[in-house]
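Here's the structure we're looking at; comments come further down.
Residue numbers (the numbering used here): 67 to 205.
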């Protein structure tokens with residue numbers, strides 16, 4: 067599962083980098099995210115995120131159980147140490163993946179808002195210039 071989470075993190079980081087800088091892939095990624103947010107996309111996304119939260123909470127619970135067992139025994143068992151390291155890495159990857167998902171969502175939202183504002187500014191400039199031309203020709 068750690069390999070899968072690592073691949074997911076790398077993909078999310080690539081998406082964040084693509085969305086951060088203006089390039090030809092950015093338009094493609096924004097259109098893909100627009101399509102993902104239509105229809106059943108939000109439901110699927112929320113379901114996957116909820117499942118990841120449940121797995122994260124289960125992993126944290128397992129970590130606390132291992133810590134309690136080590137504390138009660140007084141010595142650190144090598145098996146528990148390996149399990150603890152594995153679970154900590156898994157929990158870190160899950161938490162970071164959920165965080166990066168939120169970052170991607172916010173970046174997509176702000177890019178859409180900026181594009182909408184640019185279009186509104188362009189139409190306002192065009193209407194203002196057309197109005198000025200009419201006033202100039204009317205005089």
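Idealized CB from N, CA, C, for every residue including glycine.
For residue i, the first and last residue of its enclosing alpha helix (DSSP H)
i: residue 93; result: 90-102
i: residue 118; result: 107-139
i: residue 143; result: Run containing residue 143: none; DSSP gives neither H nor E here.
Cβ-based neighbour list, residue i, same chain, cut-off 7 Å, excluding 5 preceding and 5 following
i: residue 121; result: 160
i: residue 169; result: 82
i: residue 95; result: 81, 84 and 85
Per-residue DSSP class, three states only, for residue i
i: residue 67; result: coil
i: residue 87; result: coil
Cut-off 6 Å between Cβ atoms - residues of its own chain near residue i, not counting five sequence neighbours on either side
i: residue 174; result: 99
Sequence-distant residues of the same chain with beta carbon closer than 8 Å to residue i, five excluded per side
i: residue 119; result: 164
Contact under 8 Å by Cβ, residue i with residue j
i: residue 68; j: residue 166; result: no
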